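Its first residue numbered 0, the sequence shown is counted upward by one per residue in numbering that gives the first Met the number 0.
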Amino acid sequence: MANPGVYRRLRDKFFPEGLPPAGSFEGQTVLVTGGTTGLGLAAAQHFAALGAHVIITCRSKERGESVRHKIEQRGKGNITIMELDMGYYSSCVSFVDELKKTQSAHGGLDCVILNAGSARYSFVEGPEGWEETIQVNTLSTTLLGLLLLSWMKNKQKSRKSPAHLVFVTSRDHLDPDISKWAEWATRDGLLQHFSMKENWPAGEMNPNYANSKLLVMYAVNELCRLAMGPDGKPCIIINTLCPGLVQTNITRDVSNQPLLTKITVSLYFKILAKSPNYGARSYVNAVLKPQEEHGKFLIGAFTEEEYRNDTGMEMQTIAWNEIIRELGSKVPDLNKVIDDLGQ
Numbered sequence: 000m001a002n003p004g005v006y007r008r009l010r011d012k013f014f015p016e017g018l019p020p021a022g023s024f025e026g027q028t029v030l031v032t033g034g035t036t037g038l039g040l041a042a043a044q045h046f047a048a049l050g051a052h053v054i055i056t057c058r059s060k061e062r063g064e065s066v067r068h069k070i071e072q073r074g075k076g077n078i079t080i081m082e083l084d085m086g087y088y089s090s091c092v093s094f095v096d097e098l099k100k101t102q103s104a105h106g107g108l109d110c111v112i113l114n115a116g117s118a119r120y121s122f123v124e125g126p127e128g129w130e131e132t133i134q135v136n137t138l139s140t141t142l143l144g145l146l147l148l149s150w151m152k153n154k155q156k157s158r159k160s161p162a163h164l165v166f167v168t169s170r171d172h173l174d175p176d177i178s179k180w181a182e183w184a185t186r187d188g189l190l191q192h193f194s195m196k197e198n199w200p201a202g203e204m205n206p207n208y209a210n211s212k213l214l215v216m217y218a219v220n221e222l223c224r225l226a227m228g229p230d231g232k233p234c235i236i237i238n239t240l241c242p243g244l245v246q247t248n249i250t251r252d253v254s255n256q257p258l259l260t261k262i263t264v265s266l267y268f269k270i271l272a273k274s275p276n277y278g279a280r281s282y283v284n285a286v287l288k289p290q291e292e293h294g295k296f297l298i299g300a301f302t303e304e305e306y307r308n309d310t311g312m313e314m315q316t317i318a319w320n321e322i323i324r325e326l327g328s329k330v331p332d333l334n335k336v337i338d339d340l341g342q
């Protein structure tokens, strides 16, 4: 019997999610990180076509301006380009500070899609001292989430409805075997363990990707708690999202791998992966979810409860404490931000 995941991927490849009616995002401001290629670019195009003012982040302002021009050439488009390098904490902080200066009118941002991510086939240490996948997908994404949540929660009083904050994750967060994580956490710390070159598994494709996505899922679960208001309802609607298997350049690092690996990965994506246009439709639909869907993991057109057992919840506490300890030691005033969110 064929794997049901194959059926789902083939279905998604040829039968995409629908989009809301034209003009659904008129007057709204939508932020998409990593919006110059792949899913981020496709999402930006969808939101722009539906009437939104779209803010796209990129590491290179020149590349961003080129993308802005292309989107606006398609017809409808109100695009702003902002620089963000998620390899650096300072860039994340400066980016949010600039957002506060330029986007605070009319209730601030309406929708945020934290899409930027990394998948490495070979070990690369980032400038902050952590393996790049862990840095981008876990640490910097959590930092952005905290800073944005704090600001968006403060703006909630001037809004008629809650804003949306969506974290692009992956169903791969269900894959890691966490049976040894407590041991690693005690010995070196989880972040340190996954950032040590000697622990990098030889011959595995992007071995830290699933680990980074599980770690950020743990962090987002905590952010969902911090997003709640005194009335027991979310001030900001937070969701995690898996867009499915999509043809993007997130696996660009495979070009440095052996020929057989390159052929295998290429065929796998060619046969089963959907287009960025189709995959990004899930981004649009994610920011239309009601308050009742707050905290849910979205995959395809469905909502799924991620696997949570007692061991997983204990590990969430360990991972969250590590992440906050790291971010709090490197980012001035972040501990105050977290304390204020918890009040």
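Glycine included, every Cβ here is placed at the ideal spot set by N, Cα and C.
Note that the structure is predicted; figures quoted are calculated from it, not measured.
What is the DSSP secondary structure of residue i, counted as helix, strand or coil?
{"i": "A359", "result": "Any answer about residue 359 is impossible in this case: the structure gives the chain only from 0 up to 342."}
{"i": "K232", "result": "coil"}
{"i": "F296", "result": "strand"}
{"i": "V31", "result": "strand"}
{"i": "N334", "result": "helix"}
{"i": "M85", "result": "coil"}
{"i": "E221", "result": "helix"}
{"i": "T168", "result": "coil"}
{"i": "M314", "result": "helix"}
{"i": "K273", "result": "strand"}
{"i": "T36", "result": "coil"}
{"i": "E130", "result": "strand"}
{"i": "E124", "result": "strand"}
{"i": "M216", "result": "helix"}
{"i": "M227", "result": "strand"}
{"i": "V92", "result": "helix"}
{"i": "V66", "result": "helix"}
{"i": "G327", "result": "helix"}
{"i": "L347", "result": "Nothing can be reported for residue 347, as the shown portion of the chain is limited to 0 through 342."}
{"i": "G106", "result": "helix"}
{"i": "L287", "result": "coil"}
{"i": "N308", "result": "coil"}
{"i": "D174", "result": "coil"}
{"i": "N153", "result": "helix"}
Tell me whether residue i is buried or exposed, calling it buried when 16 or more other Cβ atoms sit within 10 Å of its Cβ.
{"i": "D176", "result": "exposed"}
{"i": "R170", "result": "buried"}
{"i": "A388", "result": "Outside the shown range of the chain, which is 0 to 342, sits residue 388, and nothing can be said about it."}
{"i": "L333", "result": "buried"}
{"i": "L316", "result": "This sequence places Thr at residue 316; Leu is not what is there. Exposed, because fewer than 16 other Cβ atoms sit within 10 Å of the Cβ of T316."}
{"i": "R119", "result": "buried"}
{"i": "R324", "result": "exposed"}
{"i": "K154", "result": "buried"}
{"i": "S343", "result": "No answer is possible for residue 343: it lies beyond the span of the chain, which begins at 0 and ends at 342."}
{"i": "N207", "result": "buried"}
{"i": "L145", "result": "buried"}
{"i": "H52", "result": "buried"}
{"i": "A195", "result": "Here residue 195 turns out to be Met, not Ala, going by the sequence shown. Looking at its Cβ environment, which holds fewer than 16 other Cβ atoms inside 10 Å, M195 is exposed."}
{"i": "H105", "result": "exposed"}
{"i": "E321", "result": "buried"}
{"i": "P275", "result": "buried"}
{"i": "N205", "result": "buried"}
{"i": "D28", "result": "A small fix is needed here, since residue 28 is Thr in this sequence, not Asp. The residue is buried, with at least 16 neighbouring Cβ atoms inside 10 Å."}
Tell me, which residues are paired with residue i by DSSP?
{"i": "I322", "result": "In DSSP, I322 forms no bridge with anything."}
{"i": "V111", "result": "L30 and L164"}
{"i": "L240", "result": "V167 and L297"}
{"i": "C57", "result": "E82"}
{"i": "N77", "result": "H52"}
{"i": "V245", "result": "K273"}
Which residues in the same chain have their Cβ closer than 8 Å to the Cβ of residue i, if we skip the five residues on either side of it in sequence?
{"i": "R280", "result": "P15, E16, G17, L18 and H45"}
{"i": "C223", "result": "P233, I237, H293 and G294"}
{"i": "M227", "result": "P233 and C234"}
Report, in whole angstroms, the separation of the C-beta atoms of residue i and residue j, which I expect to be a contact under 8 Å.
{"i": "R67", "j": "I78", "result": "4 Å"}
{"i": "K356", "j": "I235", "result": "As displayed, the chain neither begins before 0 nor continues past 342, which places residue 356 out of reach and without an answer."}
{"i": "Y88", "j": "K329", "result": "5 Å"}
{"i": "W319", "j": "E203", "result": "So it is not a contact: roughly 26 Å between Cβ atoms."}
{"i": "M314", "j": "W180", "result": "5 Å"}
{"i": "A47", "j": "K75", "result": "6 Å"}
{"i": "T141", "j": "L326", "result": "7 Å"}
Identify, in the order they occur along the chain, each residue of the same chain with its Cβ nearer than 7 Å to the Cβ of residue i, setting aside the five sequence neighbours on each side.
{"i": "N198", "result": "H192"}
{"i": "T168", "result": "K212, V215, M216, T239, L240 and C241"}
{"i": "S149", "result": "V336, D339 and L340"}
{"i": "W183", "result": "L189 and H192"}
{"i": "E25", "result": "G50"}
{"i": "Q290", "result": "P161, K232, P233 and I236"}
{"i": "L147", "result": "V95, V111 and L164"}
{"i": "L225", "result": "L148, L340 and G341"}
{"i": "K99", "result": "W150"}
Grab me the residues of residue i's own chain with a C-beta within less than 6 Å of its C-beta, minus the 5 sequence neighbours each way, in chain order.
{"i": "E131", "result": "S117, R119, V123 and G125"}
{"i": "G33", "result": "G39, N114 and A115"}
{"i": "K159", "result": "none"}
{"i": "L30", "result": "I54, L108 and V111"}
{"i": "C57", "result": "T35 and G63"}
{"i": "F94", "result": "L83"}
{"i": "T137", "result": "S211, L214 and V215"}
{"i": "A285", "result": "V165, N238, L240 and L297"}
Taking 7 Å as the CB-CB limit, is residue i close to chain B?
{"i": "V29", "result": "Among the chains of the structure shown, chain B does not appear; only one protein chain is present."}
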